[in-house]
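Residue numbers (full-length UniProt numbering): 1 to 208.
Every residue, glycine too, gets a C-beta built ideally from N, C-alpha and C.
Here the structure is laid out as structure tokens; the discussion comes afterwards.
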């Protein structure tokens, strides 16, 4: 996990209802578990039938802000958005902010992982397998105030993918120092050490 100083939030988050600005059930499930101890009553953007905005930002933070601000504006509630992805060093940081788009309209991450593997094969045997996950969290209020936090974890990619847990690229990501991929790891253990946990620890320290 990154060791940057925890940013000091200007505004604290009070217990009550909070929109998780995502239609990704795996992501919603992880964020709901992380919020459980703090008196927050989370509801997903999907459950509220909120539209998914077009992610036009050029960074993880920009896309998280865009999603959080739209959800807060449309719902009238505070909203928490996550924008996260896999960055592969040998692919110049791809898929990066396009991680979900590499899975296609059907969100087929088996296809996305195969695409990453194919690109690495094309890059040749000298191409490394170093990669990192990034998670940007944006917490927005209906009046337009916003707080942002970013987490990161580093590891390597394995092939073939391993494990049935997690979601997205988890089955091909092996955290440095671990023998199990995020896809093999017990979900509670992953929640304690993931990029999302890193960003969330910063959010908790700042806003609760």
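query: From 26, 55, 117, 47, residue whose alpha carbon lies closest to that of residue 183; result: 26
query: Per-residue DSSP class, three states only, for residue 153; result: strand
query: Residue closest to residue 160, alpha-carbon to alpha-carbon, out of 117, 23, 109; result: 117
query: Whole-Å CB distance - residue 146 paired with residue 52, under 8 Å assumed; result: With a Cβ gap of about 19 Å, residue 146 and residue 52 do not count as contacting.
query: Close-in-space but distant-in-sequence residues of the same chain around residue 73 (CB under 7 Å, 5 per side omitted); result: 142
query: Nearest residue (CA-CA) to residue 79, options 190, 132, 50, 90; result: 50
query: Given 8 Å, three or more beta-carbon pairs between the region 182-198 and the region 88-107; result: no
query: Local conformation of residue 88 per DSSP, three classes; result: strand
query: Residue burial classification, residue 37 (beta-carbon count within 10 angstroms, cutoff 16); result: exposed
query: Other residues of its chain near residue 46: CB distance less than 7 Å, five sequence neighbours each side excluded; result: 23
query: Under the three-state DSSP convention, the category residue 133 falls into; result: strand
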